[in-house]
Amino acid sequence: MAVKGEPSFRESVDLMFNRAVAHMDLSPGLEEKIRVCNSTYTVRFGVRLRGQIQTFTGYRSVHSEHMEPVKGGIRFATSVNQDEVEALAALMTFKCALVETPFGGSKGGLCIDPREYDEHELELITRRFAYELIKRDLINPAQNVPAPDMGTGEREMAWIVDQYKRMNTTDINGAACVTGKPINAGGIQGRTEATGRGIQYALREFFRHKDDMAAAKLAGTLDGKTVIVQGLGNVGYHAAEFLSTEDGARITGIIERDGGLWNPKGMNVQAVFDWMRANGGVAGCPEGKHVADGAKLLEEDCDILIPAAMEGVINLSNAKQIKASLIIEAANGPITAGADDILRKKGVIIIPDLYANAGGVTVSYFEWVKNLSHIRFGRMQRRQEEARHQILIDELERLSADKGLGWSLSPGFKDQYLRGAGELELVRSGLDDTMRAAYQSISNVWHSRNDVTDMRMAAYIVAIERVAASYRSKGL
Ligand code: GLU
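Residues in the sequence shown are numbered from 120 upward in steps of one, following my numbering.
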């Protein structure tokens, strides 16, 4: 997507890495070791479809094995190539380090337009791709654990886990070979919404830091803030839906493949999403005015811009025109290194991808732990927690009656207090805690050092320092 004269996605990630390490004290050898991608496996395989053999090209790239398994999604898109998977694998390494999920970084991709195939054909293709990776341990609960990414979801993950189990019939931990599975195939509550939920938690945390908000020329709360979101896929949809229905943000712009929708009063995200499902695009949706050149909406006035589609959409051709003072990168690499320079100089605050969209891999981590422990979160504690709360309520009510105090607990409070946490509540709590802790570690570096000018540089420094510490402790 990058415009002419701009570096590739992989080079763009390297440039961001280089900016950070210039402010660190790493030996040149270690710096190089962390920068490079360890390996990229290319597979070409044939599948008999519609009476003839079609050949597909797929990749699985492993960026860093300082911790194993390595982790990262599998993307189905026509843009997939070696440069892209390597850039995405590198981002996974830094993302995992930043949010303290105990994984190295990896990424996979299949060069395909999934909309051109029916479900049965996609199953054949996915299983065959999975077979190629499984037999080389590039899908394995202890070594390499994929997840959904652009163009894939829980359906594909269910095929992959089933394929793994067929090929490893005695592996008791087989379910942990991939995350983002449907619940009935070993998934976890809250994984589908996790990346969008993480965007919400990251913004809430940003809005708890008044100085950071002031730097982005913002004040107050999320309530009433105007938001433009690019891409109403899994991430963009959940982020926009939660921000509008739970935090009162106003979604004034939505950008999709077939143009954008614009409505300064704010749109009902669910209605737009339902329209898209039914009609294949946003055109004609009564929630907003249709803008044929959707990308132009990136340049509209708003408080918060959320690029949630793909890499390189904010580049040298449009960075100068961006008016938002706060950008949160829900996609991986939506801002090129060149655009990043321009935006920083303009004073735009960017909440970087390796932090902003880490909610997905965080909940993937919970799912992997659930699979390895073979028990659902909350199963042991929930009723016991409820019973203990009931004792306290009973005692308060008894005291009130005995002493004639006439207290009565409001039914809303009672219901909420008595309800023990189930898996979804625990997942959300773990995700919220993770996003707050990671923000704190970025903030410490960002604000304690004069040479660290922005959140991206701070996030890279935190992540690279952790990867370096891990390599050092191994004696490398
Ligand atoms: N594909 C997602 C990402 O880019 C999730 C990765 C995972 O859960 O392993 O972060």
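The beta carbon of each residue, even a glycine, is placed where N, CA and C say it ideally should be.
Who are residue i's beta bridge partners in DSSP?
| i | result |
| --- | --- |
| LYS190 | GLY224 and VAL264 |
| ILE447 | ILE470 |
| SER183 | GLY224 |
| ILE374 | GLN349 and GLY379 |
| ARG555 | Note: ARG555 sits in no beta bridge, so no partner. |
| ARG369 | THR345 |
| ILE454 | ILE433 |
Leaving out five residues before and five after residue i in sequence, what residues of the same chain have Cβ atoms less than 7 Å from its Cβ?
| i | result |
| --- | --- |
| ALA338 | MET332 |
| ILE307 | VAL482, PHE485, GLU486, LYS489, GLU542 and VAL546 |
| ILE447 | ILE318, ALA321, LEU322, ILE423, ILE425, ILE470 and ALA475 |
| VAL140 | GLU150 and ILE583 |
| VAL132 | ALA206, ALA209, LEU210 and GLY452 |
| VAL204 | THR159, TYR178, SER180, LYS226, GLY227 and GLY228 |
| ASN287 | GLY293 |
| ILE367 | Checking the displayed sequence, the identity of residue 367 turns out to be Gly instead of Ile. Counting only Cβ-Cβ distances below 7 Å, and skipping sequence neighbours, we find LEU341, ASP342 and GLY343. |
| GLU130 | none |
Excluding the 5 residues flanking residue i on each side, which residues of the same chain have their C-beta closer than 6 Å to its C-beta?
| i | result |
| --- | --- |
| GLY479 | ALA313 and THR314 |
| MET429 | ALA450 |
| ASP551 | TYR320 |
| VAL162 | GLY177 and GLU251 |
| VAL388 | ALA359, GLU360, SER363 and ILE370 |
| TRP526 | SER519 |
| LEU168 | GLU240 |
| PHE195 | LEU229, ILE231, PRO233, GLY270 and THR271 |
| GLY165 | ILE172 and THR174 |
| ASP570 | HIS142 |
| ASP573 | ARG463 |
| THR245 | GLU275 and TRP278 |
Who are the near neighbours of residue i in its chain, counting only those whose CB is closer than 8 Å to its CB and skipping five residues on each side?
| i | result |
| --- | --- |
| GLY378 | GLY400, VAL401, ALA402, HIS409, VAL410, ALA411, ASP412 and GLY413 |
| SER444 | ALA335, LYS336, LEU337, ASP422, GLY466, VAL467 and ILE468 |
| GLU505 | LEU537, ARG538 and GLY539 |
| ASP97 | Shown here, the chain extends from 120 to 595; a query on residue 97 therefore has no answer. |
| GLU73 | Any property of residue 73 remains undetermined from this structure, which presents the chain solely from 120 to 595. |
| VAL297 | ILE258, VAL264, PRO265, ALA266, MET276, ILE279, VAL280 and TYR283 |
| GLY497 | GLY539, ALA540, GLY541, GLU542, GLU544 and LEU545 |
| ALA249 | ILE258, TRP278, ILE279, GLN282 and TYR283 |
| ILE561 | LEU217, TYR474, MET574, ALA577, ALA578 and VAL581 |
Could you check if residue i belongs to the surroundings of ligand 3, using beta carbon to heavy atom distance under 7 Å?
| i | result |
| --- | --- |
| PRO471 | This structure simply doesn't include ligand 3; it includes ligand 1 instead. |
Measure how close the beta-carbons of residue i and residue j come, nearest whole angstrom, since I'm counting them as under 8 Å.
| i | j | result |
| --- | --- | --- |
| GLU273 | PRO267 | 7 Å |
| VAL354 | ILE373 | Actually they do not touch by this definition, with Cβ atoms about 13 Å apart. |
| ILE193 | GLY227 | 4 Å |
| ILE231 | THR271 | Incorrect: roughly 10 Å between the Cβ atoms, too far for contact. |
| GLY343 | SER363 | Not confirmed; about 11 Å, so no contact. |
| HIS508 | LEU537 | 5 Å |
| MET576 | HIS142 | 7 Å |
| SER589 | MET186 | 6 Å |
| VAL155 | ALA477 | 22 Å between Cβ atoms; not a contact. |
| SER183 | GLY224 | 5 Å |
| PHE213 | TYR579 | 6 Å |
Quick one: does residue i have its CB under 8 Å from some CB of chain D?
| i | result |
| --- | --- |
| GLY378 | The structure shown contains no chain D, having only a single protein chain. |
Complete runs of the beta strand (DSSP E) confined to the region 389 to 442 [at least 3 residues]: 408 to 410 and 423 to 426
Alpha helix (DSSP H) runs wholly inside the region 195 to 258, at least 4 long, in chain order: 201 to 217 and 238 to 253
Only counting runs of 4 or more residues, tell me where the alpha helix (DSSP H) segments fall wholly within the region 131 to 179, in order along the chain. 147 to 154
At what residue ranges does the region 494 to 582 contain a whole run of the alpha helix (DSSP H), taking only runs of 4 or more? 501 to 521, 530 to 537 and 542 to 567
What are the complete alpha helix (DSSP H) segments, minimum 4 residues, inside the region 291 to 351? Taking only runs of at least 4 residues, the alpha helix (DSSP H) segments lying wholly in the region 291 to 351 are 313 to 325 and 329 to 334.
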